[in-house]
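Asks: Chains A and P, in that order, are what the protein sequence lines are.
Using our numbering, the first residue of the first sequence is number 22, and each one after it goes up by one.
Using our numbering, the first residue of the second sequence is number 5, and each one after it goes up by one.
The beta carbon of each residue, even a glycine, is placed where N, CA and C say it ideally should be.
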Amino acid sequence: DTGVSQNPRHKITKRGQNVTFRCDPISEHNRLYWYRQTLGQGPEFLTYFQNEAQLEKSRLLSDRFSAERPKGSFSTLEIQRTEQGDSAMYLCASSAPAAGYNSPLHFGNGTRLTVT
Amino acid sequence: AQTVTQSQPEMSVQEAETVTLSCTYDTSENNYYLFWYKQPPSRQMILVIRQEAYKQQNATENRFSVNFQKAAKSFSLKISDSQLGDTAMYFCAFMGANNAGNMLTFGGGTRLMVKP
Chain A
22 DTGVSQNPRH KITKRGQNVT FRCDPISEHN RLYWYRQTLG QGPEFLTYFQ NEAQLEKSRL
82 LSDRFSAERP KGSFSTLEIQ RTEQGDSAMY LCASSAPAAG YNSPLHFGNG TRLTVT
Chain P
5 AQTVTQSQPE MSVQEAETVT LSCTYDTSEN NYYLFWYKQP PSRQMILVIR QEAYKQQNAT
65 ENRFSVNFQK AAKSFSLKIS DSQLGDTAMY FCAFMGANNA GNMLTFGGGT RLMVKP
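1) Can you look up Gln88/P in the DSSP assignment and give me helix, strand or coil?
2) Within a Cβ cutoff of 7 Å, which residues of the same chain sit near Ser21/P, ignoring the five residues on either side of it in sequence?
3) Under 8 Å between C-beta atoms, does Tyr69/A make it to chain P?
4) With contact counted as at least three CB pairs below 8 Å, one residue from each stretch, are the region 106–125 of chain A and the region 64–82 of chain P in contact?
5) Out of Val136/A, Arg80/A, Lys32/A and Gly61/A, which has the shortest C-alpha to C-alpha gap to Thr103/A?
6) Considering Phe70/A, what are the terminal residues of the beta strand (DSSP E) in which it resides?
7) Report the three-state DSSP secondary structure of Asn39/A (helix, strand or coil).
8) Quick one: what's got a C-beta closer than 6 Å to Pro46/A's C-beta in the same chain, skipping five residues either side?
9) One question on the structure: do Gln48/P and Asn130/A come within less than 8 Å of each other, judged by their Cβ atoms?
Below is the structure:
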């Protein structure tokens, strides 16, 4: 178990540019989540995959955001035409296929995005 | 929709002493799970302790214990014999038992500083 891996750790981009983040979950976990965390706040749910299927999306996920998990393994989160309000830590988490209590979320270190 | 509130933005405690972090939540569900996560500075979020709502017995994990008051919708975390390594952000989180995707709703967090 190597844990949830996220790349890059930090990303600085200019407003209007597109960015893409990658998440590699724990290998046997079939569920993958993206959360956004702004400074001093708790994480907010963005979207969730079970295997390759994106089963739920938050209203926070505007049409500039898209997430994929093409083979049910790693996932990417793309933000198009970035805005300064997109500056945040983007957290990825994964969990095993079991009921919630028995399958807590395991988080990665996050990708910190700064939009200038 | 669920909400989770942590009313203490910051707390401090002397090493070896005991501290209690507060958490209240609002839900119309009868069965659910509650979690405390720890996020050390610049490090990944890790699970500290979890509680099933239908269990009256409070969960305990070594120096960490909870005081779960279902009627009051309160879920506080007690850290005994505080250590310098306990310095971190602590997040209370809620998961509905009928939530097929195991999504978590987080509180805003409490920053805990353990002083030597």
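Replies: Let me lay it out:
1) Contrary to the premise, residue 88/P reads as Leu rather than Gln in this sequence. Three-state result, Leu88/P: helix.
2) In the sequence under discussion, the amino acid at residue 21/P is Glu, which differs from the Ser named in the question. Cβ neighbours of Glu21/P beyond the five flanking positions: Ser86.
3) Chain P places a beta carbon closer than 8 Å to that of Tyr69/A, counting this residue as a contact.
4) Touching, no.
5) For Thr103/A, the nearest C-alpha among the options comes from Val136/A.
6) That run of the beta strand (DSSP E) goes Glu65 to Gln71.
7) Per DSSP, reduced to three states, the secondary structure at Asn39/A is coil, with no helix or strand assignment.
8) Same-chain partners within the cutoff: Val25, Leu53 and Ser115.
9) Their beta carbons are under 8 Å apart, which means Gln48/P touches Asn130/A by this criterion.
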